[in-house]
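S.K.: Residues 577 to 992 in our numbering are what the sequence shown lists, from first letter to last. Just so it is clear, CB atoms sit at the ideal spot from N, CA and C, and this is done for glycine as well.
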Amino acid sequence: MHRSRRNLSSYPLVASFALTALLVAVSALPSAAEDLRYEIRLETALEHDDGKFLWYHPRAAAVPGDKGPAVVMTLQQHLHVDDYYSGLFAMRRPTVDGAWSGPNAIPELAWRKEANDVTLSVADVTPGWHAPTQRLLAIGCQVPYAPNGAQILAGPTPRQHQTAYAVHDPRSGAWSNWQILDMPADPKFELARNACAQWLVRPDGALLLPIYFGPSADGPWSVAVVECSFDGKQLRYVRHGNEFDLNVERGLVEPSIVFYGGRYFLTMRNDLRGYVSASDDGLNFEPMKPWTFDDGEELGSYNTQQHWLAHSDGLFLVYTRRGANNDHIIRHRAPLFMAQVDPQTLQVIRRTERIIIPERGGEFGNFGAAAISANESWITVSEGVWDAASRERGAKGATYVARIIWSKPNQLAPFP
């Protein structure tokens with residue numbers, strides 16, 4: 577989520593005119609084909625900064641539409657208490673170039689009141705399309721709140737910090753209620769969260785779901801990829817792969833997985849630096865290594881998320897980092913960068929780095945990245961505006977959509 581050192585799920589994480597495009601031509605040098613290029617069309621889908629809430633955690637997914645892919649973007653209200661989030665909202669776009677509708681609250685996914693004045697919400701949601709069942713899955717983590725908005729780290733109810741999911745039929749518009757992914761009885765899964773994580777659907781319909789987990793809500797936490805089955809209604813644990821442990825600060829959190837070039841790649845967050853690993857089967861990964869540039873220098877991304885964009889001709893990482901004249905930004909969480917990754921060395925190719933979304937005083941800790949069509953992928957993020965200094969630099973609580981327009985069709989896209 578965003579600022580506190582005790583938060584659990586999403587530790588964070590230019591235009592002020594809505595839906596205005598800024599076209600910036602940039603290029604990258606993929607390992608498979610050096611003529612892959614992309615443009616950035618930067619749009620502002622929303623602006624909101626009234627001191628009561630900010631729109632946060634915007635993440636988009638493509639679904640079938642009448643005229644090609646439509647888009648569903650889930651998001652929540654950050655209620656100006658550390659990591660305190662509303663129920664889920666959704667925005668919709670009938671085509672990739674259509675007008676947005678919403679945000680609209682989803683009644684089935686609103687807060688749930690429990691005994692002893694506990695409120696349950698689900699935060700850090702990432703939506704994605706499950707083609708075999710023709711359903712959209714929204715997956716995040718359940719969070720219990722006290723009346724003042726503080727997260728309840730321990731209480732009489734076991735396993736409150738778990739992976740939650742909801743199922744959406746875009747044809748009927750119906751949403752299910754939140755359900756919990758049941759994990760094995762082992763005490764190490766007392767906290768088991770898929771949070772702010774990119775996940776995958778294999779051709780056989782199984783999901784590869786990265787989680788972080790631990791025996792308590794205090795950490796340090798470990799990371800593994802869970803294989804799940806899904807029948808269109810219920811997500812079920814099947815098995816999980818090897819476990820990554822790091823007894824540094826709060827351990828490892830917010831992993832994201834991607835498939836590229838016949839292999840799987842995993843990025844993981846730690847308070848001090850990000851880590852990366854690779855796998856042939858998506859479950860059993862090689863020893864992790866810190867993220868570095870291809871000249872050996874540390875990437876400088878720390879205590880926040882990194883996410884992937886995979887094109888059939890190149891693998892890319894989206895991230896924030898130190899060293900970009902951004903010491904005034906909380907944990908250097910802006911601007912958002914994108915660069916190509918060498919899939920052999922697992923290093924970021926420095927010469928390909930580009931600023932995707934410039935900073936103007938707000939932080940970009942909690943963002944999403946997804947393929948939308950064969951022609952484009954999207955990076956979505958909202959400005960975290962926490963003080964007057966952010967506003968003086970120009971931050972307005974914008975929700976950005978950075979459309980990455982590829983020069984060549986992406987054979988890995990969900991909708992050709």
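#1: One question on the structure: do residue 741 and residue 811 come within less than 8 angstroms of each other, judged by their Cβ atoms?
#2: Determine the burial state of residue 675: buried for a count of at least 16 other Cβ atoms within 10 Å of its Cβ, exposed for fewer.
#3: Using 10 angstroms around the beta-carbon of residue 979, count the other beta-carbons present and answer buried if the total reaches 16, otherwise exposed.
#4: Please classify residue 689: does DSSP put it in a helix, a strand, or coil?
#5: Leaving out the 5 sequence neighbours to the left and right, which residues in its chain are closer than 6 angstroms to residue 757 when beta-carbon positions are compared?
#6: Pull up the distance between the alpha-carbon of residue 860 and that of residue 963, whole angstroms please.
#7: Do the stretch 921 to 940 and the stretch 981 to 989 make contact, defined as three or more Cβ pairs closer than 8 angstroms?
#8: Report yes or no: do the stretch 686 to 701 and the stretch 956 to 972 share at least 3 C-beta pairs separated by less than 8 angstroms?
#9: Going by CA-CA distance only, name the one from 759, 655 and 808 that's closest to residue 789.
#10: Which of the three DSSP states is assigned to residue 621 in this structure?
#11: So, with DSSP's three-state summary, where would you put residue 935?
#12: Tell me the rounded alpha-carbon separation between residue 730 and residue 698.
#13: Please report the Cβ distance between residue 776 and residue 833, rounded to the nearest whole angstrom; I am assuming they are in contact, meaning their Cβ atoms lie under 8 angstroms.
#14: Can you tell me which of 967, 825, 817 and 976 puts its alpha carbon nearest to the alpha carbon of residue 626?
#15: Please confirm whether residue 651 and residue 679 have their CB atoms less than 8 angstroms apart.
#16: Give, in chain order, every unbroken run of the beta strand (DSSP E) that is at least 3 residues long and sits entirely within the stretch 844 to 905.
#17: In this structure, what does DSSP give as the bridge partners for residue 539?
#18: Could you spell out where the beta strand (DSSP E) holding residue 803 opens and where it closes?
#19: For residue 740, does the three-state DSSP call read helix, strand or coil?
#20: Using C-beta distances below 6 angstroms, list every residue in its chain close to residue 752, excluding the 5 sequence neighbours before and after it, in chain order.
#21: Closest to residue 801 by C-alpha separation, out of 793, 771 and 653, would be which residue?
#22: Identify, in the order they occur along the chain, each residue of the same chain with its Cβ nearer than 6 angstroms to the Cβ of residue 669, setting aside the five sequence neighbours on each side.
M.R.: Checking against the coordinates, here is how it stands:
#1: Contact flag set, yes.
#2: Answer is exposed; the Cβ neighbour count stays below 16.
#3: Buried, by the Cβ-count rule.
#4: Secondary structure of residue 689 (DSSP, three-state): strand.
#5: Hits under 6 angstroms: 739 and 811.
#6: Roughly 43 angstroms separates the two Cα atoms.
#7: No, the stretch 921 to 940 is not in contact with the stretch 981 to 989.
#8: Touching, no, given that fewer than three Cβ pairs across the two stretches are closer than 8 angstroms.
#9: Out of 759, 655 and 808, 759 has the C-alpha closest to the C-alpha of residue 789.
#10: Here residue 621 sits in strand by DSSP.
#11: Note: residue 935 maps to coil in three-state DSSP.
#12: Taking the straight line joining both Cα atoms gives about 17 angstroms.
#13: Confirmed, Cβ separation roughly 6 angstroms.
#14: The residue among 967, 825, 817 and 976 with its C-alpha nearest the C-alpha of residue 626 is 967.
#15: Against a cut-off of 8 angstroms, the Cβ pair of residue 679 and residue 651 comes out as a contact.
#16: Given a length threshold of 3 residues, each whole run of the beta strand (DSSP E) inside the stretch 844 to 905 is given here in chain order: 851 to 855, 883 to 887 and 890 to 895.
#17: Residue coverage of the chain in this structure runs from 577 to 992, which leaves residue 539 outside it and unanswerable.
#18: Residue 803 -> beta strand (DSSP E) spans 798 to 806.
#19: The answer is strand: DSSP assigns residue 740 an E or B state.
#20: Excluding positions up to five away in sequence, the list reads 742 and 743.
#21: Looking at 793, 771 and 653, the one whose alpha-carbon comes closest to that of residue 801 is 771.
#22: Closer than 6 angstroms at the Cβ level, and outside the excluded window around residue 669, lie 647 and 676.
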